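Residue numbers (this note's numbering), protein chains in the order written: chain X, 7 to 167; chain U, 3 to 500; chain C, 1014 to 1264; chain H, 539 to 626.
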């Protein structure tokens, strides 16, 4: 009975973390929060892997004098999780660097607004008259044209170097 | 002293040392990258020439299911040759500042080779992550606000994908207790249940972020139109194919069940549908090409979902064709980056580029003498022979998509060949350097056209070899490295196979 | 529109994952390779900590890939943030604040302690829990604490680059040496030694030291990049300011 | 043992949900850190000391520092912007 309960708790916890993280990533609007949700989803996947290698009444996979002939848990998923935790932190740092730069350029953390600005920027960079820009209320946020010009200017500078 | 592990180790080693090299000698830092790529090409070609039957190499010297193995057959070595070749073509020779982009490109080359060769599920995941992170850096290398925003969305989608893929790998591990692809193939019957199949679905959707598969390809148009054309060419041409390669390995070795094939078929059809329609609606060349790339990868997926050798043959042909055509077209957008109606007069300003564009566009549509026709014909044949109702639906979708494709590509061609204002024309002039690169791709395409028959035979052999599940498994378990010390239940299981 | 489709996707996924949870056979997964490694890992690799023998022995190339990912992330981060760091270096003099003496001295007190702890954890990675990753993070913390305590101190980026370059390279070179000895890439060599002693498990302690130094240097670089005491200002004003500065310098 | 696991799982899930719904970013970072901490306790219970150590050091240590640094920079910029707007 208790083993059943423990399994349910553990698997439920891991799947819960993954689901909460993914729901967060797709529904949250703040890009800083999205990074947090991603971290949580990753933690859930890591927990799932460790659970996959667990068995009851076993000890940690470290050989000592007293551990001869004792049941041990699986070392392979643990090694995998070690790797994936460190990978996760690298990606997280890169994501935050991008958040900083996006905020610096667009002065907002709202993903919807960023997305809209992004498509207007792409449109104006390629010279397509945007349908979106006419929908934007004038005066509420800086108009896309000047920023787009800045960007082409930067691009040209990059090309000159 | 020729070992394929160099193809992964050498670029990584150079990338690690590049900051130090660049501090001491700027010119050495500029030359070492192409040199390493040439060396990689040499190693891969050496193996490619002497390979008679597939072999597996145990890294670290540990017997296959325990350690990590590299699987060397014609398909993986072909990719291992193509990776340095394309990288050499798209290398930023003109880049004089900084070593960071070169470093990222080398890491991309190393991880891509690892992804093509590896036959261990978690190792594939690690190389895939390395590939992702390197491509994030490259996508943001333009350093404009739009590029940062597009890369951020790319990173989030990709991060979501890797969580899903890792979950899938975890599920497979709970079902089989192993990570080696061949060993998983051996235990494939344990995966033919809801858990195993959803693991497959999770991995397909997860890895599919790079392969531009239908529900997770929102990043494609944004990244390709904000990154520099070289990077878009690399991502659309090479990286997407490697992700597809991982999916088909898993499919061939472990998931030869109708559910998995149908999943790929449906995702492929949705990809074709969505990609081609969006390409038709888009009004600038970069986004049109990005969406068309989604559509083309959908066709590749549909091809691989046809069971047996025919599907593999058609899939590999489609894949290689797209690998040549799409990077070339993206390279043309370096100077033709505006809206389609601003391309007027482009043919006047650089006629060679216009001719090259026509060749690639016609091949992409599948107009008869060109290789693209032949690849599409294989796919159509495969679909007709498969003859299930779902495959016939795919056939209808494919033919409709071809019509749409022809319409938007020809619409662009008409704009290119129409007269334009003189002032505008100047902007559309392609540099000789860029034209040379595109011409190289065109030469490859034409050589493929001339040698269609022997090439077809060779590809057919590759397809036969890589769709052979038993061969893959036996290859892995016949590696004779590292003596076993104790007999375990695992060994008994292995001996049963042999 | 985005929210609706995203919610449909997420709830579908949630449903799938919960159904899977229902399907799990309670009683644990089969442990094929795990069991085999538990049985023969001690003989084949010689590390008392079997997780370490998996990380550096059986799955050594995963670890190589992983330190490469950290390196890539740090390179990409500095590529993304590089305009900021150049700016902050010009502003460095302004941003030095009056730091607390207690904070500064305690940071310098912690420095040797953390370095020792980090190295201890790295060197005992093949015997006890811990190893290159954990020790590397502690090393990074050791280098980062003074930076927090004394803002504007800056990091020696070229020194970090030297450490991370050579640490990463030595991991690969150890792998290649094994190759030249006629073994496979990254195959552990040297004698296994006596199980449980510090000098055992062949090349594993060397590899873990390389990993530790690499992780430490990489993470310090990342943290320094993110923490560089510069203000984020829009790039346009950034340009204006710098042009103003040069003008004033010229006059 | 069961109740420890139950407690940790509950803390973990509650922390995760907090991240989605709490207003302030600082609390969200703290909640993420709490999730990591609970997770590392779970790893100890699951006989994975190596992983537990890494999760404690990386997940609730390093990653929190990185998040806090990023938030610090965003807030600093935000404050600056607002003051500029007030000036105007």
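Backbone N, C-alpha and C define an ideal beta-carbon position, used for all residues, glycine too. None of these values were measured; they are calculated from a predicted model.
Boundaries of the alpha helix (DSSP H) in which residue 431 of chain U is found, first to last residue
Looking at the DSSP string, residue 431 of chain U is not in any alpha helix (DSSP H), and its letter there is neither H nor E.
Label residue 230 of chain U either buried or exposed according to how many other C-beta atoms from any shown protein chain fall within 10 Å of its C-beta, with 16 as the threshold for buried.
buried
Exposure label - residue 1108 of chain C; buried when at least 16 CB within 10 Å:
At residue 1108 of chain C the pLDDT is 44, less than 50, meaning the model places this residue with poor confidence and gives no usable figure here.
Proximity test, Cβ basis, 9 Å: residue 1214 of chain C and chain U
Taking Cβ atoms only, chain U never reaches closer than 9 Å to residue 1214 of chain C, which makes this a no.
Contacts that residue 1331 of chain C makes with chain X (C-beta to C-beta distance below 7 Å):
Outside the modelled stretch of chain C, which goes from 1014 to 1264, sits residue 1331 of chain C, for which no answer is possible.
Beta-carbon contacts of residue 1190 of chain C that lie in its chain and below 8 Å, excluding the five residues immediately before and after:
1202
Could you tell me if the beta carbon of residue 318 of chain U falls within a distance shorter than 8 Å of some heavy atom in the ligand COA?
Questions concerning the ligand COA fall outside what the structure shown contains, since it holds no ligand whatsoever.
Taking all protein chains shown into account, do 16 or more other C-beta atoms lie within 10 angstroms of the C-beta of residue 10 of chain X, making it buried, or fewer, making it exposed?
exposed
What is the rounded straight-line gap between the Cα of residue 354 of chain U and the Cα of residue 290 of chain U?
21 Å
Does the Cβ of residue 129 of chain U have 16 or more other Cβ atoms within 10 Å, making it buried, or fewer, making it exposed?
Result: buried.
First and last residue of the alpha helix (DSSP H) that includes residue 15 of chain X?
Start and end: 8-33.
Nearest residue (CA-CA) to residue 196 of chain U, options U:127, U:434, U:259
U:259
Quick one: is residue 1218 of chain C near chain U, going by C-beta distance under 9 Å?
no
Nearest CA to the CA of residue 363 of chain U: which residue from U:391, U:327, U:370?
Nearest of U:391, U:327, U:370 to residue 363 of chain U, Cα basis: U:327.
In terms of residue numbering, what span does the alpha helix (DSSP H) encompassing residue 73 of chain U cover?
First-last for residue 73 of chain U: 71-74, but that is the beta strand (DSSP E), not the alpha helix (DSSP H).
Does residue 158 of chain X come out as helix, strand or coil in the three-state DSSP assignment?
Confidence at residue 158 of chain X is low in this model, with a pLDDT of 41, below 50, so its placement is unreliable and no value can be given for it.
Where residue 127 of chain X falls, given that 16 or more other Cβ within 10 Å makes a residue buried
It is buried - the Cβ of residue 127 of chain X has at least 16 other Cβ atoms within 10 Å.
Whether or not the stretch 1081-1098 of chain C and the stretch 590-608 of chain H are in contact is what I'm after, with contact meaning three or more pairs of Cβ atoms, one per stretch, closer than 8 Å; do they touch?
Taking 8 Å as the limit for Cβ pairs, the verdict is that the stretch 1081-1098 of chain C does not touch the stretch 590-608 of chain H.
Taking Cβ positions only, does residue 195 of chain U come closer than 9 Å to chain C?
yes
Kindly identify the DSSP beta-bridge partner or partners of residue 182 of chain U.
Looking at the DSSP assignment, residue 182 of chain U forms a beta bridge with U:122.
Chain C contacts from the stretch 97-118 of chain X (Cβ-Cβ distance under 8 Å):
97, 99, 100, 102, 103, 104, 106, 107, 109, 110, 111, 113, 118
Closer than 8 Å between beta carbons: that is the criterion. Which residues of the stretch 581-595 of chain H meet it against chain X?
581, 584, 585, 586, 587, 588, 589, 592, 593
Who are the neighbours of residue 1150 of chain C on chain H, taking C-beta pairs under 9 Å?
592, 595, 596, 599, 600
Quick check: the stretch 564-576 of chain H against the stretch 57-77 of chain X, are there 3 or more CB pairs under 8 Å?
Verdict: no, contact absent.
Counting only C-beta atoms, is residue 1175 of chain C closer than 9 Å to chain X at any point?
no
Only counting the same chain, and skipping five residues up and downstream in sequence, which positions put a Cβ closer than 8 Å to that of residue 173 of chain U?
If we look at residue 173 of chain U and ignore the five residues flanking it on each side, its Cβ neighbours are 197, 198, 200, 201, 204.
Can you confirm whether the stretch 38-48 of chain X touches the stretch 151-162 of chain U when touching is taken to mean that 3 or more C-beta pairs between the two stretches lie within less than 8 Å?
Yes: at least three Cβ pairs fall under 8 Å.
Measure from the C-beta of residue 607 of chain H to each C-beta in chain C and report whether the shortest distance is under 9 Å.
yes
Are the C-beta of residue 82 of chain X and some C-beta of chain H separated by less than 9 Å?
Not closer than 9 Å to any Cβ of chain H, the Cβ of residue 82 of chain X fails to qualify, so no.
Inter-residue Cα distance where the pair is residue 416 of chain U and residue 51 of chain U:
45 Å
For a cutoff of 9 Å on Cβ pairs, would you count residue 121 of chain X as touching chain U?
For residue 121 of chain X, the answer is yes, since a Cβ of chain U falls inside 9 Å of its Cβ.
Check distances from the C-beta atoms of the stretch 281-306 of chain U to those of chain X and list, in chain order, the residues that come in under 9 Å.
Per Cβ criterion, the list reads 284, 285, 286, 287, 288, 289.
How about residue 244 of chain U and residue 307 of chain U: do their beta carbons lie closer than 9 Å?
no
Could you tell me which chain X residues have their CB closer than 7 Å to the CB of residue 1 of chain U, listed as they occur along the chain?
With chain U covering 3 to 500 only, the question about residue 1 of chain U has no answer from this structure.
When you compare each of U:111, U:271, U:461 to residue 393 of chain U by their alpha carbons, which one comes out closest?
U:271
If the cut is a Cβ gap below 7 Å, which residues of chain H does residue 8 of chain X touch?
540
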